[in-house]
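Asker: Residue numbers (the numbering used here): 976 to 1126.
Even for Gly, the Cβ is constructed at its ideal location relative to N, Cα and C.
Fair warning: this is a prediction, and the values are worked out from it, not measured in the lab.
#1: Find out if the Cβ-Cβ distance for the pair residue 1038, residue 1090 is shorter than 8 angstroms.
#2: Out of curiosity, what's the CA-to-CA distance linking residue 1004 and residue 1065?
#3: Which term fits residue 1111, buried or exposed, when burial requires 16 or more other beta carbons within 10 angstroms of its beta carbon?
#4: Tell me, to the nearest whole angstrom, how far the beta carbon of residue 1055 is from that of residue 1092; I am working on the premise that it is less than 8 angstroms.
#5: Does the beta-carbon of residue 1076 have 16 or more other beta-carbons within 10 angstroms, so that it is buried, or is it exposed?
#6: Smallest Cα separation from residue 1061: which of 1082, 1030, 1084?
#7: Identify whether residue 1061 lies in helix, strand or coil by the three-state DSSP scheme.
#8: Residue 1103: which of 1067, 1013, 1049 sits nearest, CA to CA?
#9: Measure the CB-CB distance between residue 1016 and residue 1058 and report whether it falls below 8 angstroms.
#10: So what's residue 1037 in DSSP terms, helix, strand or just coil?
#11: Find the nearest neighbour of residue 1088 within the set 1047, 1034, 1013, 1018, judged by alpha-carbon distance.
#12: Buried or exposed, going by whether 16 or more other CB atoms sit within 10 Å of the CB of residue 1098?
#13: Roughly how many angstroms separate the alpha carbons of residue 1109 and residue 1118, rounded to a whole number?
Okay, structure coming up:
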C-alpha cells in the first residue's frame, strides 16, 4: 500500500494530487511537484526504510510519469533506481537502468547530483566488475569516460 510506510502522509499527498484539477490555484513554487516528484520522494523514504520492493516500484512510477522537461531529475531518479535494484542483487536490471541516464549524460546533461549517481554506480558495480560480469565492466567503462569529460 503506497504511503503506509510514511505514516499515511504519502496517501494524503496522493489523494490531493488525484483530486487536483484545472482552476485550482497553486503557489508558483509548486509547479514542478506532480505525481513523478511524489513517487520519487516516496521511493527515497521507502529505500531508507529498507523497503526495496516498494522503493523500486515508486522509483519506476516516477520514471514512467516524469515529463521530458526534467531530464536531469529523471537521470538522478534512474540512478537511485539502479542503486536500489543492485542492493537487491539484481545486477543485470540495475545495469540496464543505469545505462539510460548515462545515455542522457553522454548527450550533454550534467548536474552535480547526476554526477554523484555515476560515482555511486561505479562504487556499487565494483564487486561485480571484479567477478568479470561483462555488463558491469561495460557500464564501468562508460561511467569512467563520462566522469573524465566532466571533471
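Answerer: Put simply:
#1: Looking up residue 1038 in the chain shown gives position 63. Looking up residue 1090 in the chain shown gives position 115. Cβ atoms of residue 1038 and residue 1090: not closer than 8 angstroms.
#2: Here residue 1004 refers to the residue found at position 29 when the chain shown is read from its first residue. Here residue 1065 refers to the residue found at position 90 when the chain shown is read from its first residue. Note that residue 1004 scores 48 on pLDDT, short of 50, meaning its location in the model is unreliable; the coordinates nonetheless yield the value given after this. So the alpha carbons of these two residues sit roughly 37 angstroms apart.
#3: Within the chain shown, residue 1111 is the residue found at index 136, counting from 1. Burial call: buried.
#4: Numbered from its first residue, the chain shown carries residue 1055 at position 80. Numbered from its first residue, the chain shown carries residue 1092 at position 117. Contact flag correct, Cβ pair sits at about 7 angstroms.
#5: By 1-based counting over the chain shown, the position of residue 1076 is 101. Taking every protein chain shown into account, the CB of residue 1076 has 16 or more other CB atoms within 10 angstroms, so this residue is buried.
#6: Within the chain shown, the letter at position 86 stands for residue 1061. That would be 1030, whose Cα lies nearest to the Cα of residue 1061.
#7: Within the chain shown, residue 1061 is the residue found at index 86, counting from 1. Three-state result, residue 1061: helix.
#8: Residue 1103 sits at position 128 when you count from the first residue of the chain shown. Minimum Cα distance to residue 1103 is reached at 1067.
#9: Residue 1016 sits at position 41 when you count from the first residue of the chain shown. Residue 1058 sits at position 83 when you count from the first residue of the chain shown. No. Outside cutoff.
#10: Translated into positions along the chain shown, residue 1037 becomes position 62. Reduced to three states, the DSSP call for residue 1037 is helix.
#11: Taking the first residue of the chain shown as 1, we reach residue 1088 at position 113. Out of 1047, 1034, 1013, 1018, 1047 has the C-alpha closest to the C-alpha of residue 1088.
#12: The count along the chain shown starts at 1 and reaches residue 1098 at position 123. Per the 10 Å Cβ criterion, exposed.
#13: The residue you call residue 1109 lines up with position 134 of the chain shown. The residue you call residue 1118 lines up with position 143 of the chain shown. Their Cα atoms are separated by approximately 14 angstroms.
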